[in-house]
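A.B. asks: For the sequence shown, this note's numbering begins at 310 and goes up steadily by one.
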Amino acid sequence: MNLNSLSDIAKAMVEKGRGILAADESTPTCKKRFDSINVESTGENRNAYRDMLFTTPGMEKFISGVILFDETLRQSSLADGERYPDYLKNLGVIPGIKVDKGAHPLPGSEEEKVTEGLDGLNSRLKEYYDLGARFAKWRAVITIGESAPSGTCLVANAHALARYASLCQENGIVPIVEPEILMEGEHTIEESFIVTEEVLHATFNELHSQNVLLEGMVLKPNMVLSGYGCSEQANVDEVAEMTVTVLKRCVPSAVPGIAFLSGGQSDEDATAHLNKMNQILGNNNPWNLTYSYGRALQAPALAAWGGKQENVKKAQDAFYKRAKLNSLASKGEYGSDME
Ligand code: 13P
Numbered sequence: 310m311n312l313n314s315l316s317d318i319a320k321a322m323v324e325k326g327r328g329i330l331a332a333d334e335s336t337p338t339c340k341k342r343f344d345s346i347n348v349e350s351t352g353e354n355r356n357a358y359r360d361m362l363f364t365t366p367g368m369e370k371f372i373s374g375v376i377l378f379d380e381t382l383r384q385s386s387l388a389d390g391e392r393y394p395d396y397l398k399n400l401g402v403i404p405g406i407k408v409d410k411g412a413h414p415l416p417g418s419e420e421e422k423v424t425e426g427l428d429g430l431n432s433r434l435k436e437y438y439d440l441g442a443r444f445a446k447w448r449a450v451i452t453i454g455e456s457a458p459s460g461t462c463l464v465a466n467a468h469a470l471a472r473y474a475s476l477c478q479e480n481g482i483v484p485i486v487e488p489e490i491l492m493e494g495e496h497t498i499e500e501s502f503i504v505t506e507e508v509l510h511a512t513f514n515e516l517h518s519q520n521v522l523l524e525g526m527v528l529k530p531n532m533v534l535s536g537y538g539c540s541e542q543a544n545v546d547e548v549a550e551m552t553v554t555v556l557k558r559c560v561p562s563a564v565p566g567i568a569f570l571s572g573g574q575s576d577e578d579a580t581a582h583l584n585k586m587n588q589i590l591g592n593n594n595p596w597n598l599t600y601s602y603g604r605a606l607q608a609p610a611l612a613a614w615g616g617k618q619e620n621v622k623k624a625q626d627a628f629y630k631r632a633k634l635n636s637l638a639s640k641g642e643y644g645s646d647m648e
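(1) Can you tell which of Lys398, Ser385, His468, Ser386 has the C-alpha that lies nearest to the C-alpha of Val423?
(2) Is any non-hydrogen atom of the ligand 13P found closer than 7 angstroms to the C-beta of Tyr602, if you look at the structure I gave you?
(3) Beta-carbon of Gly538 versus every beta-carbon of chain D: anything under 8 angstroms?
(4) Does DSSP classify Phe444 as helix, strand or coil?
(5) Which full runs of the beta strand (DSSP E) of 3+ residues lie inside the segment 383-444, going along the chain?
(6) From Gly566 to Leu362, what does the alpha carbon distance come to, in whole angstroms?
(7) Just list the beta strand (DSSP E) runs in the segment 457-500, keeping only unbroken ones of 3 residues or longer that don't cross its boundaries, in chain order.
(8) Skipping 5 residues on each side, what residues in its chain have a beta carbon closer than 8 angstroms to that of Ser316?
(9) In terms of residues, what are the limits of the alpha helix (DSSP H) holding Asn635?
(10) Nearer than 7 angstroms: is that true of the beta carbon of Asp344 relative to any heavy atom of the ligand 13P?
(11) Buried or exposed for Ala627, please, with buried defined as at least 16 other CB atoms from any protein chain shown within 10 angstroms of its CB.
(12) Should Leu509 and Leu476 be called a contact, given that it needs their Cβ atoms to be closer than 8 angstroms?
(13) Given this structure, state the Cα-to-Cα distance separating Leu534 from Glu479, to the nearest angstrom.
(14) According to the Cβ coordinates, are Phe444 and Ile589 closer than 8 angstroms?
(15) Enumerate in chain order the residues of its own chain whose CB-to-CB distance from Pro609 is below 7 angstroms, with the five nearest sequence positions on each side excluded.
(16) Pair every Cβ in the segment 452-470 with every Cβ in the segment 377-386, then say whether three or more of these pairs are closer than 8 angstroms.
(17) Is it the case that the CB of Leu330 approaches a heavy atom of the ligand ZN more closely than 7 angstroms?
(18) Grab me the residues of Leu427's own chain with a C-beta within less than 7 angstroms of its C-beta, minus the 5 sequence neighbours each way, in chain order.
(19) By Cβ distance, which residues of its chain are closer than 8 angstroms to Glu506, with the 5 residues on each side in sequence left out?
(20) Which word fits His496, buried or exposed, when buried means at least 16 other C-beta atoms lie within 10 angstroms of its C-beta?
(21) Closer than 7 angstroms to a non-hydrogen atom of the ligand 13P - does that hold for the CB of Gly572?
(22) If the criterion is Cβ atoms closer than 8 angstroms, does the pair Gly352 and Glu380 meet it?
(23) I think Ile403 touches Met322, with their Cβ atoms under 8 angstroms apart; what is that distance to the nearest whole Å?
(24) So Lys640 packs on Asn587, CB below 8 angstroms; how close in whole Å?
(25) Do Glu487 and the ligand 13P come close, with the Cβ less than 7 angstroms from some heavy atom?
(26) With DSSP collapsed to three states, give me the class of Gly570.
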């Protein structure tokens, strides 16, 4: 891997046929995931779970990078004690780090959030670089509601994303810029389209104002989807068409790649949507379209693992399968019969 510049790293992260594993669940989020399988969320169990994922034989064929949480960046592989950033790098997988401090209530708003974590970020990035991280992630959360999103919420989150991105690039780290419009709500896919367009315009406007190098970043957006509570759920073709349309309107072609979040979709939906978008774009892709899934890559593996050493092989097989199917989807070569 040639990782000499921000643009080399960004291109390697979204290389055709590979995508990113988001394994950066914060400790409280990891507890939620472990509660679902009745496993206690201790440092040791979190290490064992991440070890199962990262040591899946052959996963590097489909996984270009892994987003880690601070704790995991400092933990080590169970087999030989190699620190995870070194272990992953030696496999040809780029280590990354979640650097935001979560979404917190936006002052003056009842339902909206702004992501915190800019204070002290510069020195944290220097430490993360020394520990081996070559890319980072910051997630902004946008809600669709009665009077949301407000202009204040859009500007505050876009501004923070751009501040984070420029600090990352100053420190030789590629920023994943993640403005996520939540699927929670009763909104239609048309409403999701309108808000996604607004959010992406606000985000790229701020990235431009703050001199972020577009060639040295990766965008991690939501897909355009019907809200969970909407009575009419859009089908795969509608989701793919509308998502591609909004991205073409808003994302400059200098951005090397777009790696979607899964956002609570079922794993099969997340794969089918990505596949259809790549089929629509064919070889006319301004950017590579790939995955940076958390739940949609991990859910079957988490269930199969169940906190037991004897289930590691079964869990790794489940993770391998999802990674492989998403790799095919990133080339438009997936079919539901492969499930
Ligand atoms: P999901 O794919 O589970 O949405 O997680 C991706 C992620 O990194 C959220 O920030």
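Beta carbons are placed, not taken as given, at the ideal position from N, Cα and C, and that holds for glycine.
C.D. replies: The answer reads as follows:
(1) Residue 423 sits at position 114 when you count from the first residue of the sequence shown. When each option's Cα is compared against that of Val423, the closest is His468.
(2) Within the sequence shown, numbered from 1, the residue matching residue 602 stands at position 293. For the ligand 13P, at least one heavy atom lies less than 7 angstroms from the Cβ of Tyr602.
(3) Of the chains in the structure shown, none is chain D; there is only one protein chain.
(4) Here residue 444 refers to the residue found at position 135 when the sequence shown is read from its first residue. Assigned with DSSP and collapsed to three states, Phe444 falls in strand.
(5) Counting only runs of 3 or more, we get 403-407, 412-414, 422-424.
(6) Position 257 of the sequence shown, counting from 1, holds the residue named residue 566. Position 53 of the sequence shown, counting from 1, holds the residue named residue 362. Spanning the two alpha carbons is a distance of roughly 24 angstroms.
(7) Entirely contained in the segment 457-500, the beta strand (DSSP E) runs reaching 3 residues are, in chain order, 483-490.
(8) Mapped onto the sequence shown, residue 316 falls at position 7. Cβ within range, chain order: Leu522, Glu524, Gly525, Pro565.
(9) Working through the sequence shown from its first residue, we reach residue 635 at position 326. 621-638 is the span of the alpha helix (DSSP H), which, as asked, contains Asn635.
(10) Mapped onto the sequence shown, residue 344 falls at position 35. Asp344: no, Cβ never under 7 angstroms from the ligand 13P.
(11) Reading the sequence shown from its first residue, position 318 is the one you call residue 627. Around the beta carbon of Ala627, 16 or more other beta carbons sit within 10 angstroms, so the residue counts as buried.
(12) Counted from its first residue, the sequence shown places residue 509 at position 200. Counted from its first residue, the sequence shown places residue 476 at position 167. Contact flag unset, no.
(13) By 1-based counting over the sequence shown, the position of residue 534 is 225. By 1-based counting over the sequence shown, the position of residue 479 is 170. It is roughly 35 angstroms from the alpha-carbon of Leu534 to the alpha-carbon of Glu479.
(14) On the sequence shown, residue 444 is found 135 positions in, with the first residue counted as 1. On the sequence shown, residue 589 is found 280 positions in, with the first residue counted as 1. No, they are not a contact pair.
(15) Along the sequence shown, one-based indexing puts residue 609 at 300. Cβ neighbours of Pro609 beyond the five flanking positions: Asp576, Ala627, Arg631.
(16) The segment 452-470 is not in contact with the segment 377-386.
(17) In terms of ligand content, the structure shown lacks the ligand ZN and carries the ligand 13P instead.
(18) Start at 1 with the first residue of the sequence shown, and residue 427 comes out as number 118. Here the set comprises Ala469, Arg472, Tyr473.
(19) Here residue 506 refers to the residue found at position 197 when the sequence shown is read from its first residue. If we look at Glu506 and ignore the five residues flanking it on each side, its Cβ neighbours are Val555, Arg558, Cys559.
(20) Position 187 of the sequence shown, counted from the first residue, corresponds to residue 496. Counting C-beta atoms within 10 angstroms of its own C-beta, His496 has 16 or more neighbours from the protein chains shown and is therefore classed as buried.
(21) In the sequence shown, counting from the first residue as 1, residue 572 sits at position 263. Checking every heavy atom of the ligand 13P against the Cβ of Gly572, one is found closer than 7 angstroms.
(22) Stepping through the sequence shown from its first residue, residue 352 is reached at position 43. Stepping through the sequence shown from its first residue, residue 380 is reached at position 71. Inclusion of Gly352 and Glu380 in the CB contact set at 8 angstroms is warranted, their separation being smaller than that value.
(23) To locate residue 403, count along the sequence shown from 1; it is residue 94. To locate residue 322, count along the sequence shown from 1; it is residue 13. Distance from Ile403 to Met322 at the Cβ level is roughly 6 angstroms; contact confirmed, criterion being Cβ atoms closer than 8 angstroms.
(24) Along the sequence shown, one-based indexing puts residue 640 at 331. Along the sequence shown, one-based indexing puts residue 587 at 278. Lys640 to Asn587, Cβ: 6 angstroms. Contact.
(25) Working through the sequence shown from its first residue, we reach residue 487 at position 178. At least one heavy atom of the ligand 13P is found less than 7 angstroms from the C-beta of Glu487.
(26) Taking the first residue of the sequence shown as 1, we reach residue 570 at position 261. Here residue 570 turns out to be Leu, not Gly, going by the sequence shown. In this structure, Leu570 counts as coil in the three-state DSSP scheme.
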